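Reading through the structure tokens given below for one structure.
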Amino acid sequence: MALLRLFTKHAPNKVFYAVLAGAFSGICYALLIPVIMSALSLTPDGLSLQNEQTQQFLGFEVAHPKFAALFLILCIIILLLRTTSQVLLARVGLDVTSQLRQNLYQQISKTSIPYLEKSSSGKLIQSMTTDVQRIVYGAGLIPDLLIQFSTLLGLMGFLLYLNSKLFVLLVAILVFGIVTFQIPMLFGSRYFTRSRDHMDLLQEGFKGLVEGAKELKLNRSKHKHFLDNQLLKQERLVIGHEKMGFTIVQMARNYGDLICFFTMGIIGFIYINYHAISVSELTGVIMVLLYITAPVSFILNVLPELAIARISLNKVEALFDELPAEEVEISLSPVAEWQTLHLKGISYQHLTSEPGAKSFGVEQVDACIRRGEVSFIVGGNGSGKSTFSKVLSLHYPASSGEIWFDDVLVTGENINSYRQQIACIYSDYYLFKQLHKDYSHTPDITQQINHYLAALLLQDKVEFSEGHFSTLALSDGQRRRLALLVAFLDDKALYVFDEWAADQDPHFKHVFYHEILPNLKSQGKAVVAISHDDRYFELADQIIMLEDGKLKKVNTASL
Ligand SMILES: Nc1ncnc2c1ncn2[C@@H]1O[C@H](COP(=O)(O)OP(=O)(O)OP(=O)(O)O)[C@@H](O)[C@H]1O
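And the structure:
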């Protein structure tokens, strides 16, 4: 039902008409048997038909022309209604697939950085691909399910008309069959759920296989251990659970298929010994039962597919819960020109994946970042510098304390607007090949970029045309220089560099500390550089030192 709701929410009218068409086609389908049987009952045994009961049509002699015409009309209606129902729902299915993916894009865009960092990309990709496909495949079975269900109802109605006692017997056997069918299905579903959980871990392992290929190739025993204990173990668990699930479900399906034949056996071998039933009545009943086998078997066969789709839907819903949207104003508004960014008693604690684990955080940090100044953030490894840079660039929400831009307090209302004031090259930065920006107001953009490419000694490596760079296949240091170029183009008020110079050669380190930072400073930018390069500390207007997440001391140049 949750699957159908997914469709009805998206296009209620289309789904309504598709369901109606599907149900009506099922009833027409069920009517084919009484029409044929009624025609046959008018045919005398062993006698040829009278002239008035046949008619010529396209050179053929057609018996019982009225019934034949009705049969043909029913076939045409079934063809049209079935196709309409299936096409309508298939189209809605494609729209729902796209909508589900778009919702995930939206949700990920709205999720705050701590939650995104906590969630693994493998898991997100798995949901974006496998789960969405499974949901839509499952939901796409619904029109046929409805068609078969209406056919079943129609045929049951006909059986009721033929023999009410046999109708009751069939209902009782069907109810018993469906209830007992659910027991193995329940076990099968459990195996599919476990298999799906291990798929997430398998995806993570696969990521390690690709991204850690270099390290694994250098160490055969590590490679073997990784394959055996992580990748292949998960692979075995996924396939093992899947095989078990399918075996159980397949047994249940075959059991389901046999329900109607079982009924026929009971009627043919037992029932007739206790109840009087004419041969023509028995023929009709057996025909209905044979005809009913297809819808019953279809309905029972799609139930496992629907169960798998339901598991995927649960996964996607759980993912939405794991990625809560940031409660902040999305729309941007202009912010006043500011001179000082003031952090007052800021604390932030990292989210932890493991329950009960102690998480690291920055505590009670006070800092003042001014425009036209260069501030260095220094401290040992793990002292919290990168964490602090993400608090400073307004990604990590402070659990206590306040951030002020001059006399404006940063709140959920204006945080997105103030984020637009910041350019940051994080230690785990991402470089886009495309600029993704409308530069129609800066017609000389190519000229500007070529100027920066030359200044950053990238002119022989990278070209810029039609809004994108020719390549990102560069050395680490060169890629960071390209990231710097993009940051320059963004022209923000606050620049944060997380160990930007760490990958640079001595010449470019010098250029960074002696030319690039002073240049930004002279443009009136607030510049924050996280650095271990103590040779250049004297160039800073202030040094913020962190130790174990706490502010150790702030040295200003005047001190
Ligand atoms: N995404 C994260 N989730 C949970 N904890 C984290 C996360 N990132 C960092 N930490 C924790 O925060 C601590 C400080 O990390 P951080 O990257 O801020 O240090 P750093 O001073 O920048 O170190 P380095 O000089 O090595 O870059 C780490 O030791 C780790 O325990």
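All letters in the sequence shown, in the order written, are residues 343 to 901 by the working numbering. C-beta: ideal position from N, C-alpha, C; glycine also. Just so we're clear, the structure is a prediction, and the values are computed from it rather than from any experiment.
- When secondary structure is reduced to three states using DSSP, N897 falls in the strand class.
- Checking the 8 Å criterion, the Cβ of K727 is within range of a heavy atom belonging to ligand 1.
- For S759, the closest C-alpha among the options P676, N505, S742 is that of P676.
- Not one heavy atom of ligand 1 sits closer than 8 Å to the Cβ of K657.
- Taking C-alpha positions only, Y447 is separated from N656 by approximately 18 Å.
- Shown here, T535 sits in a helix according to DSSP, grouped into three states.
- In chain order, H684 place their CB closer than 6 Å to the CB of W746, counting only its own chain and leaving out the 5 sequence neighbours on each side.
- Annotation for G687: the continuous beta strand (DSSP E) segment containing it runs 682-691.
- Under DSSP, W746 shares a beta bridge with H684, L751.
- For a cut-off of 8 Å, the C-beta gap from L416 to A360 is around 20 Å, too long to register as a contact.
- Inter-residue distance for D845 and Y768 is about 13 Å (C-alpha atoms, whole angstroms).
- When the Cα atoms are used, G698 and G587 turn out to be separated by approximately 34 Å.
- Looking at I612, R761, I628, the one whose alpha-carbon comes closest to that of A835 is R761.
- Note that the C-beta distance between I477 and L442 is below 9 Å.
- Spanning the alpha carbons of Q820 and T589 requires a straight line of approximately 55 Å.
- The Cβ atoms of L508 and Y613 lie closer than 9 Å to each other.
- By a beta-carbon distance limit of 8 Å, A825 does not contact L751. Their separation comes to about 31 Å.
- Excluding its 5 nearest sequence neighbours in each direction, L648 has C-beta neighbours in its own chain below 6 Å: G480, listed in chain order.
- In this model, S817 and R424 are separated by some 59 Å (Cα to Cα).
- Note that the C-beta distance between L881 and H849 is not below 9 Å.
- Shown here, F774 sits in coil according to DSSP, grouped into three states, outside any helix or strand.
- For L798, there is no enclosing beta strand (DSSP E), since its DSSP letter is neither H nor E.
- A check of alpha carbon separations from Q681 across L674, C710, S689 identifies C710 as the nearest.
- In this structure the stretch 400-407 does not lie against the stretch 521-536, because fewer than three pairs of beta carbons, one per stretch, are closer than 8 Å.
- Annotation for V591: G530, P646 place their beta carbon closer than 6 Å to its own, counting only its chain and skipping 5 residues before and after.
- For V716, same chain residues with a beta-carbon under 6 Å away, outside a window of 5 residues either side, are L859, K863, V869, A882, D883 in chain order.
- When only Cα atoms are considered, H583 and S537 end up about 5 Å apart.
- Distances from the CB of D883 to the heavy atoms of ligand 1 are all 8 Å or more.
- Here L494 really is in contact with P637; their C-beta atoms are around 4 Å apart, less than 8 Å.
- Between K460 and R713, the beta carbon gap of about 34 Å keeps them out of contact (Cβ cut-off 8 Å).
- With a threshold of 8 Å, the Cβ atom of G891 counts as near ligand 1, since some heavy atom of the ligand is closer than that.
- For M629, same chain residues with a beta-carbon under 8 Å away, outside a window of 5 residues either side, are I375, M379 in chain order.
- Closest in alpha carbon position to I489, among G368, T729, E755, L777, is G368.
- If the five residues before and after S689 are omitted, its C-beta is found closer than 7 Å to the C-beta atoms of G703, V704, E705, Q706, A740, S741, S742, G743, all from its own chain and listed in chain order.
- Contact between the stretch 464-475 and the stretch 513-528 is absent: fewer than three C-beta pairs spanning the two stretches fall below 8 Å.
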